[in-house]
Amino acid sequence: MVDNETAQNEEPAVGEQRTAIPLLPDPGLVWQAFRRNLLLFVAVVGAVLALTAAYLATAPRIYRAQASILIQPTSDPVQTTEPGDARPVVNADQVDTEIRLIQSPFVSDIAARNYARNFASPDGDRFTEEEISALAARMNGATMVARSGQSRVVDVIAQDVDPAFAASAANLVAEAYLQSQVRVKVGDTETSASFINARLSELESNALTAQAALDNYRAERGLISGTGGTNAEQEVSALNQQLAVARADLAEKRGRYNAARQQLSRGGGGADVGAALGSGTISGLRSQEATVSAQLAVLRERYGELYPERRQAEQELREIRQRIQEEINRVLSSLDAEVQTAQSRVASLESSRAGSLGALTVTGRAQTQLNELQQKADAAQAIYRSFLNRSQETEALRDSALPDARISARATVPRAPSSPNIPLTVLIGGFLAFAGGFGAVGTAEYLRRGIQTRRDVEKQLGLRYAGAVPTLESAARKSGPLEAPQDYVLQHPHSLFTEAFRSIRTFLSLSPGKRARVIAITSALPREGKTTTAACLSRSTAAEGIRTVLVDADLRRRGSSEIFGFDHKHDIHDLLAGTASLADCIIRDEASGLDILGSSGNPDRPLTSITEERVERLLEMLRENYDVAIIDTAPVLGVAESRVWTNCADRILLLSQWKKTSVRAVDAAASMLIEAGGKITGLAVTQVDIRKYASTGDGDVYGYAKKFRGYYTD
Numbered sequence: 002m003v004d005n006e007t008a009q010n011e012e013p014a015v016g017e018q019r020t021a022i023p024l025l026p027d028p029g030l031v032w033q034a035f036r037r038n039l040l041l042f043v044a045v046v047g048a049v050l051a052l053t054a055a056y057l058a059t060a061p062r063i064y065r066a067q068a069s070i071l072i073q074p075t076s077d078p079v080q081t082t083e084p085g086d087a088r089p090v091v092n093a094d095q096v097d098t099e100i101r102l103i104q105s106p107f108v109s110d111i112a113a114r115n116y117a118r119n120f121a122s123p124d125g126d127r128f129t130e131e132e133i134s135a136l137a138a139r140m141n142g143a144t145m146v147a148r149s150g151q152s153r154v155v156d157v158i159a160q161d162v163d164p165a166f167a168a169s170a171a172n173l174v175a176e177a178y179l180q181s182q183v184r185v186k187v188g189d190t191e192t193s194a195s196f197i198n199a200r201l202s203e204l205e206s207n208a209l210t211a212q213a214a215l216d217n218y219r220a221e222r223g224l225i226s227g228t229g230g231t232n233a234e235q236e237v238s239a240l241n242q243q244l245a246v247a248r249a250d251l252a253e254k255r256g257r258y259n260a261a262r263q264q265l266s267r268g269g270g271g272a273d274v275g276a277a278l279g280s281g282t283i284s285g286l287r288s289q290e291a292t293v294s295a296q297l298a299v300l301r302e303r304y305g306e307l308y309p310e311r312r313q314a315e316q317e318l319r320e321i322r323q324r325i326q327e328e329i330n331r332v333l334s335s336l337d338a339e340v341q342t343a344q345s346r347v348a349s350l351e352s353s354r355a356g357s358l359g360a361l362t363v364t365g366r367a368q369t370q371l372n373e374l375q376q377k378a379d380a381a382q383a384i385y386r387s388f389l390n391r392s393q394e395t396e397a398l399r400d401s402a403l404p405d406a407r408i409s410a411r412a413t414v415p416r417a418p419s420s421p422n423i424p425l426t427v428l429i430g431g432f433l434a435f436a437g438g439f440g441a442v443g444t445a446e447y448l449r450r451g452i453q454t455r456r457d458v459e460k461q462l463g464l465r466y467a468g469a470v471p472t473l474e475s476a477a478r479k480s481g482p483l484e485a486p487q488d489y490v491l492q493h494p495h496s497l498f499t500e501a502f503r504s505i506r507t508f509l510s511l512s513p514g515k516r517a518r519v520i521a522i523t524s525a526l527p528r529e530g531k532t533t534t535a536a537c538l539s540r541s542t543a544a545e546g547i548r549t550v551l552v553d554a555d556l557r558r559r560g561s562s563e564i565f566g567f568d569h570k571h572d573i574h575d576l577l578a579g580t581a582s583l584a585d586c587i588i589r590d591e592a593s594g595l596d597i598l599g600s601s602g603n604p605d606r607p608l609t610s611i612t613e614e615r616v617e618r619l620l621e622m623l624r625e626n627y628d629v630a631i632i633d634t635a636p637v638l639g640v641a642e643s644r645v646w647t648n649c650a651d652r653i654l655l656l657s658q659w660k661k662t663s664v665r666a667v668d669a670a671a672s673m674l675i676e677a678g679g680k681i682t683g684l685a686v687t688q689v690d691i692r693k694y695a696s697t698g699d700g701d702v703y704g705y706a707k708k709f710r711g712y713y714t715d
């Protein structure tokens, strides 16, 4: 957005220039953003590094030992199956199963008992059962088992604060796993051999008997397939569901009917029955009854009993009420019929279910018996065949059990801890620290809503940059308490702070267009340094011998009047109203020669009407008597009269508080001023902390503040 005067007398403003978007951001802008948020960056980096150091200082030192097991099924020493059978192939699922077995409490208990036999307990005595259980739990918690890549090698990894215990735990768990395999194989073989030999002949007889019983029962009952009872069960289930729904429906209708009967017994005539109340016909008749009743009431008030229209209305009302009663009786009869229908349906479903239950009982008994016989026959045959095969194998393998794995690598006592990994932790902590710092800087810049740099003014708003007003604390180089800003510009005329106002005055005077005789200073929001800027700019201008007047046009806040202690018999209200002359309404600031046209702040004084005609007349008087008139106006977004002052001024200086005022607020204020016909010469940023690097960007003097320190004296 650009003001009218600038658009007519200049080339397109910087904010309107359209340049190609660069592929990479300007490194100068990136560096400025980083320097502006240096403290935030340092705080985030320091916090992350401190957390990393605290972790390294407090984390326990964990030692890691590793043993390896090769899962490799062994061939039976005695071949009991068909010749030429290859060694079993181990797949991934089997390896995962073995991993779960290695991690089982059973293996941990064997490893703990082996440890108890080889080492003494902490008190020097033999391990008790409680100590062995605790040792097994410790080994189980310290051990982790994982597959090595896609191979059949399984790594047993033990971690503990004691390096010797970690190595012992890894080796003992691997050995315990092999022992558990041998124990299981030997036990299974012995148990199978004794059981198979004792039951083999009996199982053969049972298999033959069970098959014969199955064949005989199927022939006697005529059951060819095994689905004889399915349809009957489904039919009974469906009838049960329908019967439950029918009973619920009957209960509902019977309840409605009984409720209607009770209402009739109380003498209500059925008018308050729920079904009657929900009838559309009755609702329509009720509406007619209300209409006729209202008409009849009017007729009764006006005419006697023999009046024809009254008698006709009474007859019509009786007919409507009779029709309502007939409709109520029909509704009650319908409720009774619904109850009878629901009862009939329930009785029919109960009869059908009784028949289905009888058929289901007969078929179910036969099917149950057939299934039982089938299962017995199949089980007997399967058991017999299995026992026959196992009888041959167990005789050959009784004393030849070997584990289906072997230890491929034993664990050694680790010399250095594995956790925490100090180099890796420092590397990750440093990376996270700098990533978090840069992320915090980027987030802070992304969330920045206020106008901060010259680039913000020109690119985002399309306004000319008038300069920046630093805070006195950041501009003054002396320590200790400082004077008020309006006093400081007089006592330190060659200071950096005072030079900021000279720069703004020079910008206003050298801008193209009409000569800057009347300058209106305004802002979008309150507390943006508008009054301070007006006072300092006026005083510094008057101190150089230029006839200057400061007009306090903020009649509600009276900021400039309070700064200079304006308490006069006549003030700006009288001048606007035409009841006093300009000389009667002016006070002189003796320190600078500045004239102040302010407001006395009399609470009983009525508000003066601010019209364009009155303001033009006042400003014309100021142009005749002064070289420069500076008007301190109210915030333009909240006070409408500010637009009158700015519209009549030769120049408008718009102010925005550094980093605080949002771009949207300033843009709205600028649009409002332009729509009112104002001539915005430029925007100045106030309350800038120039101690921060490139506070207003590299296009402003404060980006190089340290280089110009020799030109200023405090």
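The opening residue of the sequence shown carries number 2 in this note's numbering; numbering runs sequentially from there.
No residue lacks a Cβ here, since even glycine has one placed at the ideal position from N, Cα and C.
### Query
Taking the alpha-carbon positions, what's the Leu684 to Ala55 distance?
Taking the sequence shown and counting its residues from 1, the one referred to as residue 684 is at position 683. Taking the sequence shown and counting its residues from 1, the one referred to as residue 55 is at position 54. For Leu684 and Ala55, the distance between alpha carbons rounds to 49 Å.
### Query
Would a C-beta distance cut-off of 9 Å place Val550 and Ile597 closer than the cut-off?
Within the sequence shown, numbered from 1, the residue matching residue 550 stands at position 549. Within the sequence shown, numbered from 1, the residue matching residue 597 stands at position 596. A distance below 9 Å separates the beta carbons of Val550 and Ile597.
#### Entry: Between the CA atoms of Gly305 and Ala291 - distance to the nearest angstrom
The residue you call residue 291 lines up with position 290 of the sequence shown. The residue you call residue 305 lines up with position 304 of the sequence shown. Rounded to the nearest angstrom, the two C-alpha atoms are 21 Å apart.
### Query
Three or more C-beta pairs closer than 8 Å, one from the segment 240–247 and one from the segment 342–352: is that the case here?
Short answer: they touch.
### Backbone secondary structure at Thr454 - three-state DSSP
Within the sequence shown, residue 454 is the residue found at index 453, counting from 1. Collapsing the DSSP output to three states places Thr454 in coil.
### Query
According to the Cβ coordinates, are Asp555 and Thr634 closer than 9 Å?
Sequence index remark: in the sequence shown, residue 555 carries index 554 (1-based). Sequence index remark: in the sequence shown, residue 634 carries index 633 (1-based). Between Asp555 and Thr634, the C-beta spacing is below 9 Å.
### Query
Leaving out five residues before and five after Leu730 in sequence, what residues of the same chain have Cβ atoms less than 8 Å from its Cβ?
Residue 730 lies beyond the stretch modelled for the chain, which goes from 2 to 715, so this question has no answer here.
### Query
Which parts of the segment 477–522 are runs of the alpha helix (DSSP H), unbroken and 4 residues or longer, counting only runs that do not cross its ends?
Listed in chain order, the alpha helix (DSSP H) runs fully inside the segment 477–522 are 486–492, 497–511, counting runs of at least 4 residues.
### Task
Below 7 Å CB to CB, which residues in the same chain sit around Val49 once its five sequence neighbours on both sides are set aside?
Here residue 49 corresponds to residue number 48 of the sequence shown, with the count starting at 1. Counting only Cβ-Cβ distances below 7 Å, and skipping sequence neighbours, we find Gly430, Leu433, Ala434, Gly437.
### Task
Please report how far the alpha carbon of Leu583 lies from the alpha carbon of Val616, in whole angstroms.
As a working note, residue 583 is residue 582 in the sequence shown. As a working note, residue 616 is residue 615 in the sequence shown. Taking the straight line joining both Cα atoms gives about 13 Å.
### Query
For Lys254, does the count of other Cβ atoms within 10 angstroms reach 16, so buried, or fall short, so exposed?
Locating residue 254 in the sequence shown gives position 253, counting from the first residue. By the neighbour-count rule (16 or more Cβ atoms within 10 Å), Lys254 is buried.
### Query
In three-state DSSP terms, what is Tyr308?
On the sequence shown, position 307 is the one that residue 308 refers to. Of the three classes helix, strand and coil, the one that applies to Tyr308 here is coil, per DSSP.
### Message
Using CA atoms only, rank isn't needed, just tell me which of Ala249, Ile325, Val689, Asp250 is closest to Gly281.
### Response
For the purposes of this step, residue 281 is taken as the residue at position 280 of the sequence shown. Looking only at Ala249, Ile325, Val689, Asp250, the smallest Cα-Cα distance to Gly281 is reached by Ile325.
### Query
Do we get a CB-CB distance below 9 Å when we pair Leu71 with the residues of chain D?
Judged by its chain identifiers, the structure shown contains no chain D, having just a single protein chain.
### Message
Buried or exposed for Ser541, going by 16 or more other Cβ atoms inside 10 Å?
### Response
As a position in the sequence shown, residue 541 is number 540, starting the count at 1. Sixteen is the threshold: when 16 or more other Cβ atoms of the shown chains lie within 10 Å of the Cβ of Ser541, as they do, the residue is buried.
### Task
Take Lys515 and list the residues in its own chain whose beta-carbon comes closer than 6 Å to its own, dropping the five residues that flank it on each side.
Position 514 of the sequence shown, counting from 1, holds the residue named residue 515. So the list reads Asp651, once near-sequence residues are dropped.
### Query
So Gly289 is in the alpha helix (DSSP H); what residue range does that whole segment cover?
Reading the sequence shown from its first residue, position 288 is the one you call residue 289. Inspection of the sequence shows that residue 289 is occupied by Gln rather than by Gly. Annotation for Gln289: the continuous alpha helix (DSSP H) segment containing it runs 281–303.
### Message
What does the Cβ neighbour count give for Tyr712, buried or exposed, with the cut at 16 atoms within 10 Å?
### Response
Indexing the sequence shown from 1 puts residue 712 at position 711. So Tyr712 counts as exposed.
### Query
Is Phe732 buried or exposed, if buried means 16 or more other CB atoms sit within 10 Å of its CB?
The question about residue 732 has no answer here: the residues shown for the chain are numbered 2 through 715.
### Message
Am I right that Leu619 and Leu576 are in contact with their C-beta atoms under 8 Å? What's the rounded C-beta distance?
### Response
Counted from its first residue, the sequence shown places residue 619 at position 618. Counted from its first residue, the sequence shown places residue 576 at position 575. Contact flag correct, Cβ pair sits at about 6 Å.
### Residue nearest to Arg557 in terms of C-alpha spacing, selected from Leu39, Gly602, Ala666
As a first step, residue 557 is located in the sequence shown; it is residue number 556 there, counting from the start. If we check each option's Cα against that of Arg557, Gly602 comes out closest.
### Query
In its own chain, which residues sit with a C-beta less than 6 Å from the C-beta of Cys537, not counting the 5 before and 5 after it?
Counting from 1 along the sequence shown, the entry for residue 537 is found at position 536. Result list for Cys537: Pro486, Gln487, Val490, Phe502, in chain order.
### Query
Which one or two residues does DSSP pair with Leu598 in a beta bridge?
Indexing the sequence shown from 1 puts residue 598 at position 597. Per the DSSP secondary-structure output, Leu598 pairs in a beta bridge with Val552.
### Task
Grab the span of the alpha helix (DSSP H) containing Asp94 for me, first residue to last.
Here the question's residue 94 lines up with position 93 in the sequence shown. Here the alpha helix (DSSP H) through Asp94 covers 93–103.
### Query
DSSP three-state call for Leu746: helix, strand or coil?
In this structure the chain extends from 2 to 715, so residue 746 is not present and cannot be described.
### Task
Can you give me the start and stop residues for the alpha helix (DSSP H) that Tyr116 sits inside?
As a working note, residue 116 is residue 115 in the sequence shown. For Tyr116, the enclosing alpha helix (DSSP H) stretches over residues 106–119.
### Through-space distance from Pro494 to Ala476, alpha-carbon basis
If you number the sequence shown from 1, residue 476 lands on position 475. If you number the sequence shown from 1, residue 494 lands on position 493. Across the structure, Ala476 and Pro494 are spaced so that their CA atoms are roughly 13 Å apart.
#### Entry: Per-residue DSSP class, three states only, for Gln151
The residue you call residue 151 lines up with position 150 of the sequence shown. Residue state, collapsed to three classes: coil.
### Message
Please identify the residue among Ile158, Cys586, Ile611, Arg322 whose C-alpha is closest to the C-alpha of Ser600.
### Response
Reading the sequence shown from its first residue, position 599 is the one you call residue 600. Here the closest residue by C-alpha is Cys586.
### Task
Mark Tyr116 as exposed unless 16 or more other C-beta atoms lie within 10 angstroms of its C-beta, in which case mark it buried.
For the purposes of this step, residue 116 is taken as the residue at position 115 of the sequence shown. Result: buried.
### Query
Buried or exposed: which applies to Pro13, given that a residue is buried once 16 or more other Cβ atoms fall within 10 Å of its Cβ?
Here residue 13 refers to the residue found at position 12 of the sequence shown. Unreliable positioning characterises Pro13 in this predicted model, as indicated by a pLDDT of 41, which lies under 50. The coordinate reading is nonetheless provided below. Pro13 comes out exposed.
#### Entry: Contact set for Ser419: own chain, Cβ-Cβ below 8 Å, skip 5 residues either direction
Against the sequence shown, residue 419 aligns to sequence position 418. These residues qualify, in order along the chain: Ile63, Tyr64, Arg65, Gln160.
### Message
With DSSP as the reference, identify every bridge partner of Gly468, one or two as the case may be.
### Response
Locating residue 468 in the sequence shown gives position 467, where the first residue counts as 1. According to DSSP, Gly468 bridges with Ala685.
### Three-state secondary structure (DSSP) of Asp628
The residue you call residue 628 lines up with position 627 of the sequence shown. In this structure, Asp628 counts as coil in the three-state DSSP scheme.
### Query
Ends of the alpha helix (DSSP H) at Ser420?
Taking the sequence shown and counting its residues from 1, the one referred to as residue 420 is at position 419. Unbroken run through Ser420: none, as it is neither H nor E.
### Query
By Cβ distance, which residues of its chain are closer than 6 Å to Glu339, with the 5 residues on each side in sequence left out?
For the purposes of this step, residue 339 is identified with residue 338 of the sequence shown, where counting begins at 1. Short of 6 Å from the beta carbon of Glu339, and not among the five residues preceding or following it, lie these beta carbons of its own chain, in chain order: Lys254.
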